[in-house]
Every structure is written in C-alpha cells, then in structure tokens.
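Each residue of the sequence shown is one higher than the one before, starting from 13 at the first, in this note's numbering. Just so it is clear, CB atoms sit at the ideal spot from N, CA and C, and this is done for glycine as well. Given the structure is predicted, the values throughout are model-derived calculations rather than measurements.
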Amino acid sequence: MAAAKKSAKSKSISEDGPLDSIQFLKDSPKTKKTLKREMVSEEEDFAKLIGQHQASAKKNKAEPNFEKNLEIIKRFRDLVDNQQHARKQSSQNLLNGLSEITAQVEVDYNAMKENAQKLEHLTVSFMKCIKQATASYKHKLEALKDIQVLYNKECVEMESDNKTQTEKVINELQNDIKKFKDKIVAETKRNSWEMLRQNVFHTMQNDF
C-alpha cells in the first residue's frame, strides 16, 4: 500500500512539473517582446523630450527662459527615473518568478533522487523510468540555472548601459544650456559697452 502511494506521488511530480517548466519556456519570448516594446517607448520619450528642448531653445533665442530649460531637464530626469524603476521592478519580478521555478524544480529533483534510493528493490523496468525522470529534472535544473545567471547578467549590463546613456544626454543638455547662457551674457555685455560708448561720445559732443 505504501509503495502505491510513493508511486502515485512520483507520477504526480513527473506529470505536473514538466508542464509548468514548458509553459514558462513558452512564455519567455512574450517577456522579451514586452521588454522590447518598453525600450522602443523609452526611445520615443527621449526623442520627444529632446525635441521639446530644441524647440524651446529656438523659440526663446531672443528672450531665454532658463527656468523652462531646467524644467525640461527635470522632466527628463523624472521620466528616466520612472522608466528605470519600472524596468528594474519588471526585471526583479521575472527573476523572482524564475527563482521560484528553479527552487521548485530543485525540490522535485531532490524528491526524485530520494524516491530512486527508496525504490531500488522494485523491478528494473520501474527503476529505469525513475532514473530517466531524475535525469530529465537534472537537465531542466541546470538549464534553468544557466538561464537565470545569463538573464541576471543581461539585466545588470542593460541597467548600466541605460544609466551611462542617461548621464550622457543630461550632460549634453546641461552643456547646451550653459553655452546658450554664456552667449546671451556675452551679447548683453557687448550691447551694454556699445551703449555706454555711444553715451560718452554724445556727451563729449554736447560738451564741445
């Protein structure tokens, strides 16, 4: 009777476990497509903000509005922070799900090993089936661990690249604003000196 219960437990593990793993592997491409759509949306938002900055710079060339430029940079930074947080949260959720699946498969694999040790007295045919199932779970566990390591590495690299690109764009925007500000200051000084020179010249003419 006990042997029948163990057999039923092993059958349940071998039947249910692979379906969950197969479903996870089928859903992986959907996750990649979602991340790709997020990256495309992010690039569109970047382009939109840069376009707003350039349009604002052209529109306010005669009368610069530095507060508006600073507001654009703040909006850009907030957008980037929100997108990075959402991407990080999404990646963390995927990693958590992957860790749970890996842990469950590892539990199943250990259970299969234990069953193999306890059921060695059974027929060679039954023992062969158990060993085959154990090997299958072992391969799945190794594959999932490899996927987990690779995915974690890609997430770290992607986050680092995005941070570098964000800092680069922000620095470029700040440099553009500084150059524009310096240009306006220089023009203002030059105009002031010209007005002062003309006033002195007119004063001298009037005195003579």
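Pair within 8 Å by beta-carbon distance, residue i and residue j
i    : j    : result
M139 : L131 : yes
Q101 : N174 : no
L153 : I85  : no
I189 : N105 : no
Assumed close pair residue i, residue j - CB separation to whole angstroms, cut-off 8 Å
i    : j    : result
L91  : Y163 : Not a contact, Cβ separation roughly 26 Å.
V234 : Y149 : No statement about residue 234 is possible, as the shown extent of the chain runs from 13 to 220 and does not include it.
N127 : I142 : 6 Å
S160 : T114 : Here residue 160 turns out to be Gln, not Ser, going by the sequence shown. Contact flag correct, Cβ pair sits at about 6 Å.
Where residue i sits in the DSSP three-state scheme
i    : result
E132 : coil
E83  : helix
S33  : With a pLDDT of only 44 at S33, under 50, the local geometry of the prediction cannot be trusted, and no value is derived from it.
Cβ-heavy atom distance, residue i to the ligand ADP, below 7 Å
i   : result
R99 : Here there are no bound small molecules, and the ligand ADP is not part of this structure.
Pick out the complete beta strand (DSSP E) segments inside the segment 90-174, 3 residues or longer, and give them in chain order. List check, beta strand (DSSP E) in window: nothing returned.
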